[in-house]
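First up is the structure itself, then whatever we jot down about it.
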Amino acid sequence: MPHTPCHLLIDAGNTRVKWALHNGQNWLDRGHANLDALDGLHTAWSALPAIQRVVGSNVAGIAVKAQLETMLARHGLTIEWLTPSSQRLDVQNHYATPSQLGADRWAALLAARKLAGQHCLVVNLGTAMTVDALTASGQFLGGIIVPGFRLMQNALAQGTADLGRRQGHYQPFPTNTADAIHGGILQALLGAILRMQLEMDQADVAPACCVLSGGDGPLLQPHLSLPAILVDNLVLEGLLRIALE
Numbered sequence: 001m002p003h004t005p006c007h008l009l010i011d012a013g014n015t016r017v018k019w020a021l022h023n024g025q026n027w028l029d030r031g032h033a034n035l036d037a038l039d040g041l042h043t044a045w046s047a048l049p050a051i052q053r054v055v056g057s058n059v060a061g062i063a064v065k066a067q068l069e070t071m072l073a074r075h076g077l078t079i080e081w082l083t084p085s086s087q088r089l090d091v092q093n094h095y096a097t098p099s100q101l102g103a104d105r106w107a108a109l110l111a112a113r114k115l116a117g118q119h120c121l122v123v124n125l126g127t128a129m130t131v132d133a134l135t136a137s138g139q140f141l142g143g144i145i146v147p148g149f150r151l152m153q154n155a156l157a158q159g160t161a162d163l164g165r166r167q168g169h170y171q172p173f174p175t176n177t178a179d180a181i182h183g184g185i186l187q188a189l190l191g192a193i194l195r196m197q198l199e200m201d202q203a204d205v206a207p208a209c210c211v212l213s214g215g216d217g218p219l220l221q222p223h224l225s226l227p228a229i230l231v232d233n234l235v236l237e238g239l240l241r242i243a244l245e
């Protein structure tokens with residue numbers, strides 16, 4: 001590992017904590033841990049080089065936040081938690097109460113602003129899917145939250161007698177139950193994205209692209225009607241912008 005001071009970025013999500021190390025020019029390392037197995041982070045972070053700044057986003061709750069703070073303190077590190085505000089960098093937040101916006105969505109918007117530079121939809125596909133409208137001038141107009149792919153899949157499995165968790169594939173006209181479930185969930189997610197695209201069209205800020213992130217991003221990308229910019233982790237990218245400001 002180089003001795004140049006680095007930035008540690010931490011994304012505490014609904015099911016996992018993801019982290020990455022950046023030296024101001026390149027990504028050096030990445031990792032993750034499930035929320036019920038965070039002790040593994042202590043070992044990973046024991047090998048970190050000199051850290052200049054730690055910036056994090058947390059939607060995992062107070063207990064996880066406290067656990068991460070304690071773990072970092074063992075290494076002599078203090079974390080700066082991103083708090084959504086009315087404006088940060090070149091993005092303006094139009095939420096009625098800006099602090100109610102999820103920190104992960106705020107970080108993703110900060111990243112998308114730099115990556116797209118034009119009217120776009122910012123789509124994050126995790127436990128939930130968020131679809132946010134961002135203009136070329138950096139105005140976050142608002143967005144929607146819907147259950148993600150596996151959350152919908154689990155709802156069908158738990159809420160019905162015969163529709164278990166089955167591995168399906170996308171077919172235009174499904175002719176078996178597994179494909180019908182897979183295609184139905186996919187179409188529901190795509191429909192939410194398309195609906196937000198139409199809303200932006202009607203507001204005279206038609207999106208030129210979709211900035212797409214999250215584990216299920218590759219699943220949706222081939223079916224989008226907009227050109228897509230696929231990013232591994234928009235939240236970490238946004239936190240990096242904060243660390244470098």
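Heads up: the sequence shown at position 2 corresponds to 2 in UniProt numbering, and the numbers run straight through without jumps. Virtual Cβ for every residue (Gly too), placed ideally from N, Cα, C.
Close Cβ partners of residue 285 (< 7 Å) along its chain, the five nearest in sequence each way excluded:
Outside the shown range of the chain (1 to 245) lies residue 285, about which nothing can therefore be said.
Whole-angstrom distance between A20 and D201, CA atom to CA atom:
Stepping through the sequence shown from its first residue, residue 201 is reached at position 201. Stepping through the sequence shown from its first residue, residue 20 is reached at position 20. Taken atom to atom, the span from the alpha-carbon of D201 to that of A20 is near 36 Å.
Close-in-space but distant-in-sequence residues of the same chain around D29 (CB under 6 Å, 5 per side omitted)
Residue mapping note: residue 29 aligns to position 29 of the sequence shown, counting from 1. Within the same chain, D29 has close Cβ partners L21.
Can you tell which of E69, V91 and L101 has the C-alpha that lies nearest to the C-alpha of Q118?
Taking the first residue of the sequence shown as 1, we reach residue 118 at position 118. The option with the nearest alpha carbon to Q118 is V91.
Of the residues L244, L236 and E245, the one placed nearest G31, counting alpha carbons only
Here the question's residue 31 lines up with position 31 in the sequence shown. L236 is the residue among L244, L236 and E245 whose C-alpha sits nearest the C-alpha of G31.
Starting from the N-terminal side, write out each stretch of the alpha helix (DSSP H) that is 4 residues or longer and does not extend beyond the segment 33–62.
You should have 39–46.
Ordered along the chain, which non-local residues of its own chain (more than five positions away) have a Cβ less than 8 Å from that of D232?
Taking the first residue of the sequence shown as 1, we reach residue 232 at position 232. Cβ within range, chain order: S213.
Once DSSP output is grouped into helix, strand and coil, what is the label at T70?
As a position in the sequence shown, residue 70 is number 70, starting the count at 1. Helix.
Note down, in chain order, each residue of its chain lying with its Cβ closer than 6 Å to the Cβ of V146, except the 5 sequence neighbours on either side.
In the sequence shown, counting from the first residue as 1, residue 146 sits at position 146. So the list reads M129 and A192, once near-sequence residues are dropped.
By a C-beta neighbour count over all protein chains shown, 10 Å radius and 16 as the cutoff for buried, is R165 buried or exposed?
By one-based count along the sequence shown, residue 165 stands at place 165. A residue is called buried once 16 or more other Cβ atoms fall within 10 Å of its Cβ, and R165, having fewer, is exposed.
Pop quiz: S46 and D104 are said to be a contact at Cβ under 8 Å. What is the actual Cβ separation, rounded to whole angstroms?
The residue given as residue 46 occupies position 46 in the sequence shown. The residue given as residue 104 occupies position 104 in the sequence shown. Going by Cβ atoms, the distance from S46 to D104 rounds to 26 Å, so no, they are not a contact pair.
At 4 residues or longer, and completely inside the segment 134–161: list those alpha helix (DSSP H) runs for me, N to C.
Those alpha helix (DSSP H) runs which fall completely within the segment 134–161 and span 4+ residues are 149–159.
The alpha helix (DSSP H) enclosing H182, as first and last residue numbers
One-based indexing of the sequence shown puts residue 182 at position 182. Its alpha helix (DSSP H) spans residues T177 to Q202.
With DSSP as the reference, label G238 as helix, strand or coil.
Working through the sequence shown from its first residue, we reach residue 238 at position 238. G238: helix per DSSP, three-state reduction.
Where M152 and L163 are concerned, what is the direct C-alpha to C-alpha distance, given to the nearest angstrom?
Counted from its first residue, the sequence shown places residue 152 at position 152. Counted from its first residue, the sequence shown places residue 163 at position 163. Near 12 Å, if we compare the C-alpha coordinates of L163 and M152.
Go to D104, then tell me how far its alpha helix (DSSP H) extends in each direction, as first and last residue.
Residue numbering aside, residue 104 sits at position 104 when the sequence shown is read from its first letter. Counting along the chain, the alpha helix (DSSP H) containing D104 begins and ends at A103 to A116.
Contact under 7 Å by Cβ, G217 with L115:
As a working note, residue 217 is residue 217 in the sequence shown. As a working note, residue 115 is residue 115 in the sequence shown. Not closer than 7 Å, so no.
Can you tell me which of A157, E245, L41 and M196 puts its alpha carbon nearest to the alpha carbon of R74?
Numbered from 1 along the sequence shown, position 74 holds the residue referred to as residue 74. Across the set A157, E245, L41 and M196, the C-alpha of L41 shows the shortest separation from the C-alpha of R74.
Would you check if the distance between the CB atom of V17 and the CB atom of C120 is smaller than 7 Å?
Reading the sequence shown from its first residue, position 17 is the one you call residue 17. Reading the sequence shown from its first residue, position 120 is the one you call residue 120. No, the Cβ-Cβ distance between V17 and C120 is not below 7 Å.
Grouping DSSP H, G and I as helix and E and B as strand, with all else coil, what is F173?
Sequence index remark: in the sequence shown, residue 173 carries index 173 (1-based). Of the three classes helix, strand and coil, the one that applies to F173 here is coil, per DSSP.
Cβ neighbour criterion (16 or more within 10 Å) applied to P2:
In the sequence shown, the residue the question calls residue 2 occupies position 2. Confidence at P2 is low in this model, with a pLDDT of 47, below 50, so the placement of that residue should be treated as unreliable; the coordinate-derived value is given next. Exposed.
Suppose the cutoff is 6 Å on Cβ atoms and the five residues either side in sequence are ignored; what does the same chain contact list for G168 look like?
Along the sequence shown, one-based indexing puts residue 168 at 168. Only A178, D179, I181 and H182 meet the Cβ criterion.
Would DSSP call H223 helix, strand or coil?
Taking the sequence shown and counting its residues from 1, one reaches residue 223 at position 223. Looking at H223 - three-state DSSP - the assignment turns out to be helix.
Comparing alpha-carbon positions, which option in Q171, N34, G143 and L156 lies nearest R195?
Counting from one through the sequence shown, the residue named residue 195 turns up at place 195. Ranking Q171, N34, G143 and L156 by Cα distance to R195 puts G143 first.
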